[in-house]
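Per this note's numbering, the very first residue in the sequence shown carries number 1061; after that it's consecutive.
Glycine residues also receive a C-beta, built at the ideal position from the N, C-alpha and C atoms.
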Amino acid sequence: MQPTFSSRFHKYASIFALALIAVVIAILFWGLMLPRKDFYNELWGPAYLLVRGQSPYNTASLNPVLPAAWLPMSIGFFFPFGWLGETPALQGWYLFTILEICLIVYLAQGEKINLFNTIAAALMCFFFPLTLNHLNLGQFSVTVTACWALAVRLCERSEAISLPHKIDSSQRTRTLLAMTGAMLIALALSKPHLCSLALLGFSYRQTARGGLRPMLSLWARILISCFILCLPLFIAYPNWIPDALVSMGKNGYWAFPSLYVLFARFIGAWGYALAGGVALIVVALNFQIWKKLPPQNALYWSLALAPLTTPYVGSWDFVVLFPLLISTYVNVDWKRKSFLWIAYLVAWGLMARIQMMEVSRNHYFWWVPLWFIGAVAATKAARDAPLFLKNNHRF
């Protein structure tokens, strides 16, 4: 189907609007960048040592606040930051993160891209209080989200290309798309606690589509991509693995904003069992989602549900909610859009109030994923209810 003038207008107008918003946000939030935060501890510091032939996971000489804990794929991919000073590297990471948020806003709209939806979604994402926290720390969760959103789209396009009888440009394009998607997934796995449900769901879909072979092929591409991303570490400092294990083991326990910590804190030993039960229910739900929904929509649910299953999570990780929130927003009418805005503004007020408290603890944000998942679920239920009632007169 040929795109209409209206669809072309909204596509290019949305791109222009996102570019303009990115410039405005970059200027407006410029003061949020602070040195010696997570970007320094986890990415720039290891990259700085790596390009000088030193162990990227032995960062004691840089006096970090925390030991390096991000998996090596992130360091291997972004090692060129190590050739920059901390300040220009931090500025580059800040601008890169803003562009990634714009990419998420664009991709999550799918075929329903619209100038007005784009502006609304961008405002939601950039003024989400925990986005400000993410930018302040120089965190990696936006990168994880953008990598998954783009990876699934590329993998789907590679599968849509018909297989010829011999290697030609179509087959090469298919292979390139599949490997690029696997590379993005490998990079996202630098934070595996945010990827578990997405990887399980995507693997299940590959198996359901063609048996074990497509799934094993997917895993092979991901493992090869992980090795390729780690090559800079093996080349510059071959003995990095022991230091990585020691460094990751030094990360201390703190009150994560997760159901696991919440249940254990208030219920005690039974809290672990309850958290495990919730995780099992979410995993089962995740499989059902991947069974019934298109891959892109299923992915958004998997990312949003991930914080409910992992004991290790930070409030800045809740940016993984963005694709589900955006894709829901663009597919409902104005009444349900209004409901989502009300839910967003209520949550915004509560999050902002917590951040402005004299003593603001990260675990105070445990409710954020539940709130937005509940709001999205209520919106989808309200959207689908008329059709259900129409098909079930004797309700």
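Buried or exposed (CB count within 10 angstroms, at least 16 for buried), residue i
i, result
"Ile1402", "exposed"
"Met1411", "buried"
"Thr1233", "exposed"
"Tyr1313", "exposed"
"Phe1326", "exposed"
"Pro1102", "In the sequence under discussion, the amino acid at residue 1102 is Glu, which differs from the Pro named in the question. Flag for Glu1102 reads buried."
"Ile1282", "buried"
"Glu1418", "exposed"
"Ser1362", "buried"
"Thr1147", "exposed"
"Ile1295", "exposed"
"Ala1149", "buried"
"Thr1299", "The sequence given here places Asn at residue 1299; Thr does not occur at that position. Asn1299 is exposed by the Cβ-count criterion."
"Ile1085", "buried"
"Ala1258", "buried"
"Pro1456", "Examination of residue 1456 is not possible in this model, given that the chain is present from 1061 through 1455 alone."
"Val1165", "buried"
"Thr1439", "buried"
"Trp1208", "buried"
"Lys1226", "Model confidence at Lys1226 stands at a pLDDT of 48, short of 50, so the residue's coordinates are unreliable; what they give is reported in the following sentence. Classification for Lys1226: exposed."
"Ser1074", "buried"
"Ile1161", "buried"
Identity of the residue in the options nearest residue i by Cα
i, options, result
"Gly1198", "Phe1089, Leu1405, Phe1432 and Phe1076", "Phe1089"
"Ser1256", "Met1184, Gln1231, Pro1317 and Leu1340", "Leu1340"
"Pro1371", "Ala1181, Pro1252, Thr1157 and Pro1116", "Pro1252"
"Val1380", "Ser1285, Ala1206 and Trp1279", "Ala1206"
"Ser1201", "Ala1324, Ala1180 and Ala1364", "Ala1364"
"Val1392", "Gln1151, Ile1295 and Lys1172", "Lys1172"
"Asn1357", "Ala1329, Thr1369 and Tyr1389", "Tyr1389"
"Phe1188", "Val1436, Ser1420, Ala1438 and Ser1375", "Ser1375"
"Leu1163", "Asp1098, Leu1353, Ala1082 and Trp1330", "Ala1082"
"Leu1322", "Trp1426, Gln1169 and Thr1439", "Trp1426"
"Met1093", "Ala1079, Thr1157 and Ala1366", "Thr1157"
"Phe1138", "Phe1099, Ala1220 and Thr1119", "Phe1099"
"Leu1159", "Phe1316, Ala1182 and Pro1095", "Ala1182"
"His1194", "Pro1140, Ile1288, Phe1378 and Arg1396", "Phe1378"
"Gly1337", "Met1239, Ala1079, Asn1311 and Leu1368", "Leu1368"
"Val1111", "Leu1131, Trp1143 and Ser1121", "Trp1143"
For residue i, the first and last residue of its enclosing alpha helix (DSSP H)
i, result
"Ala1120", "That residue, Ala1120, is in no alpha helix (DSSP H); it is neither H nor E in DSSP."
"Asp1303", "Trp1300 to Gly1309"
"Asn1357", "Pro1355 to Leu1365"
"Pro1347", "Per the sequence shown, the amino acid found at residue 1347 is Phe instead of Pro. Note, Phe1347: alpha helix (DSSP H), Ala1329 to Lys1352."
"Met1417", "Run containing Met1417: none; DSSP gives neither H nor E here."
"Asn1174", "Note, Asn1174: premise wrong, no alpha helix (DSSP H); not H, not E."
"Ala1275", "Note on residue identity: the sequence assigns Met, not Ala, to residue 1275. Here the alpha helix (DSSP H) through Met1275 covers Leu1272 to Ala1296."
"Lys1071", "Phe1065 to Leu1088"
"Tyr1108", "Gly1105 to Leu1110"
"Cys1215", "Ser1201 to Ala1220"
"Tyr1389", "Phe1382 to Val1390"
"Asn1014", "Nothing in the structure corresponds to residue 1014, since the chain is present only between 1061 and 1455."
Residue-chain proximity (residue i, chain B), Cβ-Cβ < 7 Å
i, result
"Leu1283", "The chain inventory of the structure shown lacks chain B, comprising one protein chain alone."
Counting only runs of 4+ residues fully inside the region 1135 to 1161, write out the alpha helix (DSSP H) ranges in chain order.
none
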